[in-house]
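To start, the structure under review is shown below, and the notes come after it.
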DNA sequence: AATATAACATCTGTATACAGCTCGGTCAGA
DNA sequence: TCTGACCGAGCTGTATACAGATGTTATATT
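Protein chains in written order, with this note's numbering: chain P, 38 to 299; chain Z, 38 to 299.
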């Protein structure tokens, strides 16, 4: 189909072929690296409710922000759609998915079972880096009693999740665990205004401290059991809240206004 | 390909165009439906080794076959890459992934655990359609002793898989189970020439028959335990073959009857 | 003959024009 | 005022030209 008489045969005779670019390699980002970078940025924005549910994300808007065309953006959004975080609607836009309680319950049940699998299938060796990283998270947690800060709490949860999935040796299980986490993580922050802040932080501090203790015993089974217990605790806490407001389920989740003033 | 002409009259003639009844929705295929169709076709080709590992699939080749441009094809291939079935390499092509034994072991371990979860998390009601569909598969199995037919066997396994995942009520678990199946299904067919054909078909017949029996008892726990047992058996058989390559032929597998009374 | 290098064929990655879809606003008519 | 059809702004979906990447082949040099 392409006409053979193009300028490809005599292209770039003017430009020097290459002036030994050995050191400049780091400046160039490969396509896959860029994809991964944009993907993680947008996924974080969704998980931190910077893009709350029902937000319409425009492809052109993102393309301008990341200085690319719509094509790589669409690749990212299609991946996010397949992971259940957005819904691409023709003629409308890319809409951040809502948080459906029933689905969320299923995801949480799955996560609790899979968490136990981590210790049975292919645990990795717990290194001192794991421990020190988790201790840093514990310190960040202790500084958060002062006042509600949903975004900081969300980042804390995400970072703890990152440490824990790095303990999973089985690549498929790691991917699934990661995927399910980001599918369900938003509900924590969504319900945050309805819970007692200091209780939430206390849970987080206890979980982190117990995980560190288990890590120091090199007890990965203990780690995942702690994790599983706190997953259960939070799910129970949210269920209790939902039962408590029972009738007033018109808008169980108010969108949190994240201060995005510019 | 349709340049500016709005009419859909010049569509594919080999596809039966439905006669316009009241609802004419089926005349036009939506973008998502087309994506799903192409995706399933290519995934089946990979699972049946119609595209064996290391096959290079060209985007233009597929685009011509499905009468679309590269854009929708790329969307399908990117999805398959994310699911681990192909590897898209810039400047080279889209390469069907090889079957790595270590990863396959991890996937099989995961599948066995997840299979048990099916009966615990959210089982669906077993309908008569499920039973009759499975009985049809049993009949197909019984006709296959005549001679080795890897492709027919692969289709049989895929169809049985379809029936079983339709019993999963939890959408996330269903997706994960489906994904892991297609990640690992190819290894069955790959090792088929090294196994005794009649033994393989006998296993398949026994598994299907026992699944039907459990279905008729409305015993979904029994269904998944049968499934789990045969997963384990096949994995063991392949492991045995790999350990004893050269001097030991595949040992025939003893069928057992699962006692699923609790 | 062996080897390094340059040219090339062919593939994927990106940008972009345009087609198709959705929804809200607008305006004529009852 | 109400209704309904229509139109247009703005979005996603598709096709395509071109840029970049990669493996191979031809060629020059030793």
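Beta carbons: idealized from backbone N, C-alpha and C, even for Gly.
- CA-CA distance, residue 138(P) to residue 224(P), rounds to 9 Å.
- Here residue 126(Z) is bridged, per DSSP, to 130(Z).
- Cβ contact annotation for residue 148(Z) (same chain, cutoff 8 Å, sequence separation greater than five): 214, 217, 218, 221 and 268, in chain order.
- Within chain Z, no C-beta atom comes less than 7 Å from the C-beta of residue 161(P); the nearest is roughly 13 Å away.
- Within chain Z, the C-beta atoms nearer than 7 Å to that of residue 150(P) come from 154, in chain order.
- Contact with chain P is found for residue 144(Z), since one of that chain's Cβ atoms lies less than 7 Å from the residue's Cβ.
- Distance from the Cα of residue 234(P) is smallest, within the candidate group 69(P), 77(P) and 180(P), for 180(P).
- Within the region 112-135 of chain P, the residues whose Cβ lies closer than 7 Å to some Cβ of chain Z are 112, 115, 116, 119 and 127, listed in chain order.
- For the pair residue 251(P) and residue 259(P), the CB atoms are nearer than the 7 Å cut-off.
- Closest by C-alpha distance to residue 271(P), out of 240(P), 280(P), 248(P) and 256(P), is 240(P).
- In this structure, DSSP gives residue 93(P) an extended state, which the three-state scheme calls strand.
- Remark: C-beta atoms of residue 113(P) and residue 76(P) approach each other more closely than 7 Å.
- Fewer than three pairs of CB atoms, one per stretch, sit closer than 8 Å, so the region 119-127 of chain P makes no contact with the region 189-197 of chain P.
- As for any alpha helix (DSSP H) of minimum length 4 sitting wholly inside the region 216-265 of chain Z, the runs are 223-228 and 234-253, ordered along the chain.
- Between residue 242(Z) and residue 178(Z), the gap from beta carbon to beta carbon is short of 7 Å.
- Among the residues of chain P, those whose CB is under 8 Å from the CB of residue 207(Z) are 143, 146 and 147, following chain order.
- The beta carbon of residue 197(Z) lies closer than 6 Å to those of 174 in the same chain, with the five residues before and after it left out.
- Inclusion of residue 110(P) and residue 99(P) in the CB contact set at 7 Å is warranted, their separation being smaller than that value.
- For residue 217(P), the chain Z residues whose Cβ falls inside 9 Å of its Cβ are 209 and 213, in order along the chain.
- For residue 196(Z), the enclosing alpha helix (DSSP H) starts and ends at 187-202.
- Under the three-state reduction of DSSP output, residue 79(Z) falls in the helix class.
- DSSP places residue 65(Z) outside any alpha helix (DSSP H), giving it a letter other than H or E.
- DSSP places residue 205(Z) within a strand segment (E or B) once states are collapsed to three.
- DSSP places residue 112(P) inside the alpha helix (DSSP H), whose first and last residues are 107-119.
- CA-to-CA, the gap between residue 146(P) and residue 121(Z) works out to about 25 Å.
- In terms of Cβ geometry, residue 261(P) and residue 156(P) form a close pair [threshold 7 Å].
- Residues of chain P with a Cβ closer than 9 Å to the Cβ of residue 158(Z) are, in chain order, 143, 146, 147 and 150.
- Counting of Cβ neighbours within 10 angstroms places residue 74(P) among the exposed residues, the total staying below 16.
- Taking all protein chains shown into account, residue 182(P) has fewer than 16 neighbouring C-beta atoms within 10 Å of its C-beta and is therefore exposed.
- Residues are counted here when their Cβ sits less than 7 Å from a Cβ of chain P; for the region 67-86 of chain Z these are 68, given in chain order.
- Taking every protein chain shown into account, the CB of residue 279(Z) has fewer than 16 other CB atoms within 10 angstroms, so this residue is exposed.
- Its chain contains 249 as the residues whose beta carbon lies nearer than 8 Å to that of residue 172(P), once the 5 sequence neighbours on both sides are disregarded; these appear in chain order.
- The criterion of a C-beta distance shorter than 7 Å is not satisfied by residue 134(P) and residue 94(P).
- Only exposed fits residue 70(Z), as fewer than 16 other CB atoms lie within 10 angstroms of its CB.
- Annotation: residue 202(P) to residue 211(P) spans about 6 Å, alpha carbon to alpha carbon.
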